[in-house]
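Peer 1: Numbering (mature numbering (1 follows the signal peptide of the UniProt record, and there is no 0)), first residue to last: -25 to -1, 1 to 438.
Ideal Cβ positions, reconstructed from N, Cα and C, are used throughout, including at glycine.
(1) Measuring CA to CA, which of 280, 102, 40 and 22 is closest to residue 396?
(2) Leaving out five residues on either side along the sequence, give the residues of the same chain with a beta carbon under 7 Å from the beta carbon of residue 301.
(3) CA-CA distance, residue 92 and residue 71?
(4) Can you give the Cα-Cα distance for residue 203 and residue 214, rounded to whole angstroms?
(5) Buried or exposed for residue 349, going by 16 or more other Cβ atoms inside 10 Å?
(6) Can you tell me which of the three DSSP states residue 116 falls into?
(7) Identify whether residue 278 lies in helix, strand or coil by the three-state DSSP scheme.
(8) DSSP beta-bridge partners for residue 361?
(9) Cα separation between residue 119 and residue 107?
(10) Within the continuous alpha helix (DSSP H) that includes residue 91, where are the two ends?
(11) Shortest alpha-carbon distance to residue 9 belongs to which of 33, 34, 15 and 46?
(12) Flag this pair as touching only if the segment 193 to 203 and the segment 142 to 150 have three or more C-beta atom pairs under 8 Å; answer yes or no.
(13) Using a 10 Å radius around the Cβ and a threshold of 16 neighbouring Cβ atoms, would you call residue 134 buried or exposed?
(14) Cα separation between residue 284 and residue 353?
(15) Any heavy atom of the ligand MG inside 7 Å of the beta-carbon of residue 33?
(16) Quick check on residue 351: does DSSP put it in helix, strand or coil?
(17) With C-beta atoms as the reference, is residue 370 less than 8 Å away from residue 63?
(18) Pick out the complete beta strand (DSSP E) segments inside the segment 262 to 326, 3 residues or longer, and give them in chain order.
(19) Write down the C-beta distance between residue 266 and residue 242 rounded to the nearest angstrom, noting that I regard them as a contact closer than 8 Å.
(20) By DSSP, does residue 394 sit in helix, in strand, or in coil?
(21) Would you kindly report the start and end of the unbroken alpha helix (DSSP H) that includes residue 27?
(22) Please state the DSSP three-state secondary structure of residue 225.
(23) Buried or exposed for residue 171, please, with buried defined as at least 16 other CB atoms from any protein chain shown within 10 angstroms of its CB.
(24) Residue 61 lies in the beta strand (DSSP E); which residues open and close that run?
(25) Taking only the alpha-carbon atoms, compute the straight-line gap between residue 140 and residue 408 and give it to the nearest angstrom.
(26) Below 8 Å between beta carbons: does that hold for residue 14 and residue 257?
(27) Going by DSSP in three states, residue 180 sits in which element: helix, strand or coil?
(28) Assign residue 190 to buried or exposed, taking buried as 16 or more other Cβ atoms, counted over all protein chains shown, within 10 Å of its Cβ.
(29) Please state the DSSP three-state secondary structure of residue 439.
(30) So which of 73, 253, 211 and 345 has the shortest CA-CA distance to residue 88?
(31) So what does DSSP say about residue 131, is it helix, strand or coil?
(32) Round the Cβ separation of residue 137 and residue 173 to the nearest angstrom and send it over; I've been treating them as touching at under 8 Å.
(33) Would you mind reading off the limits of the alpha helix (DSSP H) that contains residue 408?
(34) May I ask which residues mark the beginning and end of the alpha helix (DSSP H) holding residue 242?
(35) Name, in chain order, the residues that DSSP records as bridge partners for residue 257.
(36) Can you check which of these residues, 33, 297 and 12, is closest to residue 430 by C-alpha distance?
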């Protein structure tokens, strides 16, 4: 038998082992994307990082440099001097809500319609450049699970799940002759009342409703604390929920480390919320300077959602709404200019302002409505907000609001709403400079050249 030549054999063994280790390492290596020749708006600072490169590894931003980055295995994207910015946040959406004023829809649409349409809407919202949304009423957690597992494209979703409303509150969607789920002793009369909203009166019922939403996967809690436009049986001036009820919602949410946001229109309703512990408020059309100063003092964040007010003409609104709702819509529209002036003249309010659209419609018209999301940039521009402030509303301010969910935050691998090392790779490549022309974002199909979410490219029109 020929003796084994160890001097010849061992180097070959080590070489084979080394090659095998390299192959495994290459297989385990996270995919990389390298953006070159871009000017970076980081979501926080008005000055762009000029002539930069940004390396994405996996779903996070690994490196930002103005000196160039060596990444030979990365997918290369030459930005051509365009602006790279964070994916945007819409902090007030309703993926699964339809127009509650329509009798025909209530009786003839099913949860399967809404689930299908909501999934399609999610893709459109992502293509509009919104990589994160906060859903403020409706069973959106199921859509979030589909998106987060990669089964279908869409934004990250912070879901409130069912509205919580008092009897005859803004989310009491019953028609006049529908029975009360508690007073009748027979439970909800329609699936809408089961999946869309909880009618909860008194601290004990509110505690149960908050806990049920948290059980369903809610990241924050939404309660109705004043009248609203689309609801039929609550005038705008009505104050909904008393101090002990609001406090119970806040206390129960805080036990899970998260917060309560309030649907509010009037000055007193806003006060009721912020005085009883709510961290954010929605709409606030009848805002006063005194309340704005209190919001700044307590760092209460907000979304106004002006698109539903300005996106239709008076004639269109009169045709769309019932007479009672049209009268409410008109009073809100008339008040909106004063609200904007108060926000702009109260120091610190811009830092608390987040972009939200609140667009709903009949289920078969929802794709047309989704195209109007980016009109919010037109209205804010027309209201003389600085492009930098609008961009902060849509990026880092929105992300700051979502961090109020604490340990309930489903996205904790890195920060959102910013371009920085270690942040989630949610990125938009804009054909132009939105810090000079914010209306570029009002036309996402034309001006968003690349859309990346979680390190995955969903749109690239550069090739």
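Peer 2: For this structure:
(1) 40
(2) 292 and 293
(3) 8 Å
(4) 11 Å
(5) buried
(6) helix
(7) strand
(8) The partner list for residue 361 (beta bridge, DSSP) is empty, contrary to what the question assumes.
(9) 11 Å
(10) 86 to 102
(11) 46
(12) yes
(13) buried
(14) 13 Å
(15) Inclusion of the ligand MG in the displayed structure is not the case, the ligand content being empty and no account of it being possible.
(16) helix
(17) yes
(18) 276 to 278
(19) 6 Å
(20) coil
(21) No alpha helix (DSSP H) holds residue 27; the beta strand (DSSP E) holding it covers 24 to 32.
(22) helix
(23) buried
(24) 50 to 61
(25) 43 Å
(26) no
(27) helix
(28) exposed
(29) Because residue 439 is not part of the residues shown, which for the chain are -25 to 438, the question remains open.
(30) 73
(31) strand
(32) 5 Å
(33) Per DSSP, residue 408 belongs to no alpha helix (DSSP H) and is neither H nor E.
(34) 242 to 250
(35) 238 and 278
(36) 33
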